[in-house]
Amino acid sequence: MSAEEFWRDDPQLFVSYRTFYIEKKKKEAEQIDYECWLLGNYIHRGNGNLVGNLIKVLSGMFSKHKDTRELPTYPEKPYLQIDKERKEKIDSEIKEKKKKEMYDRFQKTLMYQGSLKRRYLESIKNKDKTK
1 MSAEEFWRDD
11 PQLFVSYRTF
21 YIEKKKKEAE
31 QIDYECWLLG
41 NYIHRGNGNL
51 VGNLIKVLSG
61 MFSKHKDTRE
71 LPTYPEKPYL
81 QIDKERKEKI
91 DSEIKEKKKK
101 EMYDRFQKTL
111 MYQGSLKRRY
121 LESIKNKDKT
131 K
């Protein structure tokens, strides 16, 4: 945004530029995180294979029992994506809980109104019997 636009144009234009900039930075951070994850995945797999084979060879040479420990695994997805999915899952659980609460409240309201209607009809019947 130029200084001319900042001082002379609509203030909403600044908000638009700022929003665009923030979204752009978020996308760049996600891209960098994905690239780092991918690079780390390759390195981890290579090191894991190397260490795993080394452990098997050494345990076979120097011990009576083979080492059956599992090597640590690398995450299947980038960390930001894992966090985003976890947050979405929590949000969906909260929405489902709210829906259930609203439905229960609606059912209670219907039951209350039904009992009022029943009392009203009974009172009408009792009035008719007394006449």
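Heads up: the sequence shown begins at 1 in our numbering, then just goes up one per residue. The C-beta atom is built at its ideal place from N, Cα and C for all residues, glycine as well.
Open item on the list: Under 8 Å: do the stretch 47–60 and the stretch 3–16 share three or more Cβ pairs, one atom per stretch?
Closed with: They do not touch, by the three-pair rule.
TODO: Leaving aside the five residues before and after Met1 along the sequence, list all residues of the same chain whose C-beta is less than 6 Å from its C-beta, in chain order.
DONE: Tyr17
Task: Reduced DSSP category for Lys99 - H, G, I as helix; E, B as strand; rest coil - done: helix
TODO: Work out the CA separation of Thr130 and Lys117 for me, nearest whole Å.
DONE: 20 Å
Task: Burial state of Trp37, where buried means 16 or more other Cβ atoms lie within 10 Å - done: Buried, because 16 or more other Cβ atoms sit within 10 Å of the Cβ of Trp37.
Open item on the list: Please report the distance separating the alpha-carbon of Arg86 from that of Leu80.
Closed with: When rounded, the distance between both Cα atoms is 10 Å.
- [ ] Can you tell me the Cβ-Cβ gap for Pro75 and Asp33, rounded? I've got them flagged as a contact below 8 Å.
- [x] Actually they do not touch by this definition, with Cβ atoms about 11 Å apart.
- [ ] Using the Cα positions of Lys56 and Asn47, report the straight-line distance between them to the nearest angstrom.
- [x] 14 Å
Task: Close Cβ partners of Asn49 (< 7 Å) along its chain, the five nearest in sequence each way excluded - done: none
TODO: Pick helix, strand or coil for Met1, following the three-state DSSP scheme.
DONE: Coil, per DSSP.
Open item on the list: In whole angstroms, give me the CA-to-CA distance for Lys100 and Asn53.
Closed with: 53 Å
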